[in-house]
Amino acid sequence: MDRSLELDVLRSSIVFYAQELRSSLPKAGIRILYELCRRKYADKFTIGRDQCYELFRSNGLCLRRRKRPRTTNSNHHYHIYEDLLNTTPKLHPARFGELCVTDITYVATSSGWAYLSLVTDAASRLIVGWCLHPTLERQGPMKALSMAIDFYRKYNVEFIIILLSPITTFLS
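186 is the number that this note's numbering gives to position 99 of the sequence shown; each next residue is one higher, with no gaps.
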């Protein structure tokens with residue numbers, strides 16, 4: 088048999104097998120497909136990795152890359168206040184309601200990325216305010232801060248130090 092014809096038959100077999108694999112393993116990546124094809128056609132597999140990847144791409148067997156979440160923008164012109172916890176003398180909260188720390192993290196949801204703003208009591212490590220917001224706008228952190236202030240008012244705590252994350256959302 089002619090070498091080019093043999094290579095075409097092998098490529099067609101690999102594509103057909105990879106399509107079967109894709110239907111049974113819909114989330115498998117291209118590396119896994121390549122390894123499984125290489126194992127199945129071990130003695131006949133004369134195609135290199137890059138050529139095989141190109142074969143998968145040209146036949147639509149690659150998955151779409153996931154969109155990366157929008158994260159913190161540290162290039163801003165807002166004033167960043169001094170970190171009170173890491174200065175001398177170090178601030179160690181002795182009782183509930185003395186110090187709060189804030190943070191924002193992103194969470195994958197069924198409808199895309201959402202941003203979770205948290206306000207935590209440093210002494211008890213109790214979450215006293217939170218808000219899950221679909222965008223990284225100021226409404227989410229402001230709701231979390233107001234929830235924390237309402238929580239402390241309920242327990243008659245008058246003076247709170249709130250350590251904000253160095254992030255534009257809490258600064259704006």
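Glycine included, every Cβ here is placed at the ideal spot set by N, Cα and C.
With a beta-carbon spacing of about 7 Å, ALA181 and ALA210 fall inside the 8 Å limit used to define contacts. Secondary structure of ALA201 (DSSP, three-state): strand.
Closest by C-alpha distance to ALA195, out of THR133, THR189 and LEU219, is LEU219.
Going by C-alpha positions, VAL102 is about 17 Å away from ASP130. Looking from the CA of ARG240, the closest CA among PRO221, GLY216, PRO228 and THR222 belongs to GLY216.
Within the same chain, and ignoring the five residues on either side of ALA105 in sequence, the residues whose Cβ sits closer than 7 Å to its Cβ are LEU120, CYS124, PHE143 and LEU148. Membership of LEU142 in the alpha helix (DSSP H) is indicated by the continuous run 136-145. Across the set ARG109, TYR165, LYS114 and ASN146, the C-alpha of ASN146 shows the shortest separation from the C-alpha of SER99. Counting along the chain, the unbroken alpha helix (DSSP H) around GLY227 starts and ends at 226-241. Per the DSSP secondary-structure output, GLY116 pairs with nothing in a beta bridge. Comparing alpha-carbon positions, the option among TYR168, LYS127 and GLU107 lying closest to ILE248 turns out to be TYR168. TYR202 counts as buried, since at least 16 other C-beta atoms from the protein chains shown sit within 10 angstroms of its C-beta. A Cβ-Cβ contact shorter than 8 Å links THR207 with VAL188. When beta bridges are read from the DSSP output, THR207 appears opposite VAL188 and ILE214.
Between LEU97 and TYR128, the C-beta spacing is below 8 Å.
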